[in-house]
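Numbered according to this note's numbering, the sequence shown spans residues 223 to 1137.
We put the beta carbon where it would ideally sit given N, CA and C, even for glycine.
Working notes for the structure below.
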Amino acid sequence: MIYPRESVGSQCQLYVAATQINQDEELQNVIAHVANQIAQPASPLHPERTQVIVTTEIVQENTSAIDVWEQLLEKLNLFASLMDKVSEIHPYLAAAWTVLDAGRKMIVAQQERTSRVEELGQVIFSVYEIIDLTGDLKTSQPQQEILSALSKQTLECGYFIAEYYRDRSKWHDAFKNILSKTDRIIQKYELQFRKLKDALQQHTTIEIQFVVLVLIFSVILIKCIVEKGTTPHMPYYAMGARYQRGKQCLIGTREALLTNIRAWIDNSDGQHDNSKMLLLTGLSGTGKSSVANSIAEHYHKVNRLGSSFCFNRSELANRNSKHLFSTLAVDLAAFDPSFKYALVNCVGHDPSLCGTENLQEQLENFILKPVKDLVFVGPIVIVIDALDESGNLGSRYQLLQSLASLLPTLPSNFRILLTSRPEEDVIKIFQPNQYIYHKTMADVPHNSTKNDLLKYIQSELRDESSQSFSIFQDVHYRTLAIKAEGLFQWAYIACYAIKGYGGALPTPSGMLMEFTRLTSTISLHTGSVKGPLDQIYEHVLLTLVESPNDRQRVSKLKTFKALLGQVLAAFQPLSADCFKQMHTMSPHSTLIEDFDWALSKLGALLTGVIDYSEPIQFIHTSFQDFLTHESSGDFYIEDVSQHHDSFAWSAIHTLNKVLKFNMCSFPTSYCANSDVSGLHASAQFYFDTWSRYAIQYWGLHFAKSLLGASLESSVTQIVETKFLFWLEAISLLNIGNTAATTLAAINAFCKTEQLKLYILDAKKFVLMFTPVIVRSVPHIYLSSMACAPKKSFLYKQYAGVLQHLPKLPVGHVADWPMTIPVGAPLEGHTWRVKSVSYSPNGQHIVSGSYDKTIRIWDAYTGQPVGEPLVGHTHWVEAVTYSPDGQHILSGSADKTIRIWDAHTGQLVGIPLEGH
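Laid out in structure tokens, this is it:
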């Protein structure tokens, strides 16, 4: 290894380490001769030509106590807590603590340490000892720069210590018979810390340069150097592809995720020791690129960023797959001269090799061969952002294969952060294994993301002088954060729109108008020009249906629309397994022949693409808006009725298959459901996910189907032969409100008079006996059916076929009463109820109270739906539904009118004031 010790004027002392050396004078002369031919030392600290001094000494090791390291860690921990809000200091202190703590644990485990390493710890401790950790540390800008340099140098020193104890054999091999090398490295660290200490004591500024040990150089490579100091010309180097400053996460956001990634890079979490790549996936707009830029910036500041490369679809000509390895090689050569020497040795100035477009040749000659004989200290970070934008599927496949093949042979110190949308090919090739650690943006807790969005929006909605707009208050920011649904891209677009789409700043009323439009449930499509998110969705779908001829394009388009139409038609998210099961249950199902292929292509837009047991959902509701608005062109899904046909047929066939008497083998008739141990688990086992869905939603799909007349005979059969068994399933699954909702939907849309009479009788039965049905499966028969009126359709239909049905000797009524009480009183408000209203479809009731809240109730079960709507500051005097049932309007004694989303309970826009 060639390493500088001190630079004085035009001289710099270099120390040479070799894998093999002895006392032979001739070999010593060879080493000295080779070293003197090198124009640059093995560190970027001293690029000038220098006189080379070759020294060999012996490193002595002994054992010692570790008290100094524990004291240092205590100091670091306190210092980091005091520097919590200083972005240029705190992240590096926190990282230094974790790295040094990992090194301390290894020292304890091995029960040994060189006395020189102990002395180094004492020197570092002496620096932190002079810092006043009892005050607020209100320092001047020069002092903050010194503290920043101190935190970064501490982190770098931590890498050295942790690496030394992590793999002792590596150091013994590299320093064999030149054993004073460890002392020389430690001396450089000690000297830098003493300079920092003097600067802190004297309150002076210093020229900050870091002591960075990256590579241990092999004498074999030194002998093979053919050119001094010049990096080979790489024609496919991508100018401008590095990370962009200013594109990082806003300070104070994504903190947990960034800390987790830094711990993986620094190898301080102890959980992913062998992994060399972290694949971070997420939808466009979730902030992957900001995370990538933040990590790149962090490690650039501590001289650990080997390279960064950001793919960009709009710049594919200069940033495609053939540019990646060339750019990484040139950046690594600039990062450390030792790699440059190795790269020169591998490719020289062979234009044909330097200019090859073959990715495998690039990988082998630009990366793998140069690093083969190099031993690394500390992490070498490479950040590759937006891999999904690296080219078409063919070129991307070759790149993915090359990256995957790189991992087993890459030195363990390399850490590659790779970001991408969850595309099928990316997920398939980079399956988690010993080399790959996979995280998704969805792993970030929802509340954390919402709070980060709130901070981001507050920082964006400012004028040119960085002052907040006085018209916006906390409620406006929170409304936007909720509406963004985890997408920073949406938040960016919303703020951009509110501020005038890049044009002149609108008037305050204009900004409020745009805010209201963005936060309402009305579609954003108000003109012919598509918004940014719609452009993204259109681009993705156009790419997926791209074909060599119109016939294939039409076929692909039909497949995608069929799949997406069924996702739209589902009343609750279903997994791919459920959809495939539905397709097989009915001859009328819209069978998607290429279901697996189509679903695999939609990972950027839907969940449940990889894991077929995970529900398929639109990642953002704006994509659903896109599909159901005519401005989406070929992708417009105008009507999903045909898909309700498929659901209805499949669900009815499923009910006929699974419903029967005593499905979960109820042990006795003398107990309630809650008294039977394991009943819920037994029900979940008996009814698979699709069966549970069919039991709950078969009637709703029937009501929306275009095949109502042809389906009515099947519905009649269910009521005549399976109705009580269906109620049994509802009781077992504890979904008591399902029965009334289903029967109301069927009653509203069925045409046959006989079926209408059946359904009306069934509704009365359910309304009368819901408490019994929900409480006990056996008493659906023993109590409810036994007490049903003798002239009712259900009693006449089932009493004759049910064995051991109790008979009422007296008091058995003949007909249903004229009025049937619908459950118990609805209770929940804490003060007087002032106003109530039914929803247009009769399924819900809304109430307003003097307790300042609004509540929504299930009209059939009396159960509250969601949480109370809170916002008014005085009595709620009046509530009502909009004619389409999409909104709730409320008027209050606080002199405001508010509009609420009837489905989510979220406030729409801002309160209407003027009264």
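Neighbourhood of residue i by C-beta distance below 6 Å, restricted to the same chain and skipping five residues each side
| i | result |
| --- | --- |
| Ser688 | none |
| Phe652 | Leu501 and Ile658 |
| Glu852 | Tyr858 |
| Lys1094 | First, the residue type needs correcting, since residue 1094 is His and not Lys in the sequence shown. Excluding residues within five positions, the ones whose Cβ falls inside 6 Å are Lys1074, Ser1114 and Asp1116. |
| Asn969 | Ile981 |
| Ile353 | none |
| Ser642 | Thr503, Leu609, Asp610 and Val648 |
| Ile1132 | none |
| Gly1127 | Gly1088 and Leu1091 |
| Leu977 | Glu934 and Thr938 |
DSSP bridge partner residues for residue i (one or two, in chain order)
| i | result |
| --- | --- |
| Gly636 | A small fix is needed here, since residue 636 is Phe in this sequence, not Gly. Paired residues: Ile602. |
| Asn655 | Ile658 |
| Ile1110 | Tyr1103 and Trp1122 |
| Gly1070 | Ser1057 and Ile1076 |
| Phe817 | Phe817 pairs with nothing; no bridge assigned. |
| Thr503 | Ser642 and Thr662 |
| Ser797 | Pro837 |
| Phe561 | According to DSSP, which records beta bridges pairwise, Phe561 is partnered with nothing at all. |
| Leu1134 | Ile1119 |
| Val1092 | Thr1075 |
| Val1098 | Ser1114 |
| Phe531 | Ile606 |
| Pro1086 | Trp1079 |
CB of residue i within 8 Å of CB of residue j, strictly
| i | j | result |
| --- | --- | --- |
| Ser692 | Arg684 | no |
| Ile589 | Phe533 | no |
| Ala1008 | Phe945 | no |
| Lys523 | Leu581 | no |
| Ile1002 | Val941 | no |
| Thr508 | Leu709 | yes |
| Cys471 | Ser506 | no |
| Val603 | Gly722 | no |
| Ile1076 | Pro1090 | yes |
| Leu702 | Thr741 | yes |
| Val593 | Pro630 | no |
| Phe845 | Leu827 | yes |
| Phe848 | Tyr759 | yes |
Neighbourhood of residue i by C-beta distance below 8 Å, restricted to the same chain and skipping five residues each side
| i | result |
| --- | --- |
| Gln1085 | Asn959 and Trp1079 |
| Glu1099 | Lys1056, Ser1057, Gly1070, Gly1113, Ser1114 and Ala1115 |
| Phe987 | Ser1006, Ala1010, Ser1014 and Leu1016 |
| Thr662 | Leu502, Thr503, Gly504 and Pro644 |
| Ala894 | Arg997 and Ser998 |
Contact set for residue i: own chain, Cβ-Cβ below 7 Å, skip 5 residues either direction
| i | result |
| --- | --- |
| Gln918 | Ile957 and Thr960 |
| Phe432 | In this prediction, Phe432 scores a pLDDT of 46, lower than 50, which makes its location untrustworthy; no coordinate-derived value is stated. |
| Gln1019 | Glu942 |
| Leu881 | Lys944, Phe947, Trp948 and Ala951 |
| Leu928 | Ser863, Gln864 and Asp867 |
| Phe991 | Ser1006 |
| Asn1063 | Gly1107 |
| Gln282 | Per-residue confidence for Gln282 stands at a pLDDT of 37, beneath the threshold of 50, marking its modelled position as unreliable; no derived number is given. |
| Ala925 | Ala967, Ile968, Ala970 and Phe971 |
| His923 | His866, Phe869, Ala870 and Ala873 |
Identity of the residue in the options nearest residue i by Cα
| i | options | result |
| --- | --- | --- |
| Gln344 | Asp488, Tyr411 and Gln788 | Tyr411 |
| Ser777 | Ala820, Ser953 and Trp486 | Ala820 |
| Glu682 | Ile720, Pro889 and Ala951 | Ile720 |
| Gln1025 | Asn884, Arg467 and Ala966 | Asn884 |
| Glu836 | Leu1091, Tyr759 and Ala798 | Ala798 |
| Ser1061 | Pro1105, Leu527 and Trp1053 | Pro1105 |
| Trp871 | Gln906, Ala931 and Phe888 | Ala931 |
| Gln1065 | Gly1136, Leu1030, Thr963 and Leu979 | Thr963 |
| Asn540 | Leu596, Pro1000 and Arg464 | Arg464 |
| Ala421 | Ala371, Gln409 and Gly462 | Ala371 |
| Phe869 | Leu538, Tyr915 and Ala460 | Tyr915 |
| Tyr215 | Gly1136, Glu646 and Ser1059 | No statement about residue 215 is possible, as the shown extent of the chain runs from 223 to 1137 and does not include it. |
Using 8 Å as the cut-off, can you tell me whether the segment 619 to 630 makes contact with the segment 477 to 486, which would need three or more C-beta pairs spanning the two stretches below that distance? no
Three or more C-beta pairs closer than 8 Å, one from the segment 453 to 465 and one from the segment 560 to 579: is that the case here? yes
Answer yes if the segment 783 to 803 comes into contact with the segment 903 to 919, meaning at least three C-beta pairs across the two stretches below 8 Å, and no otherwise. yes
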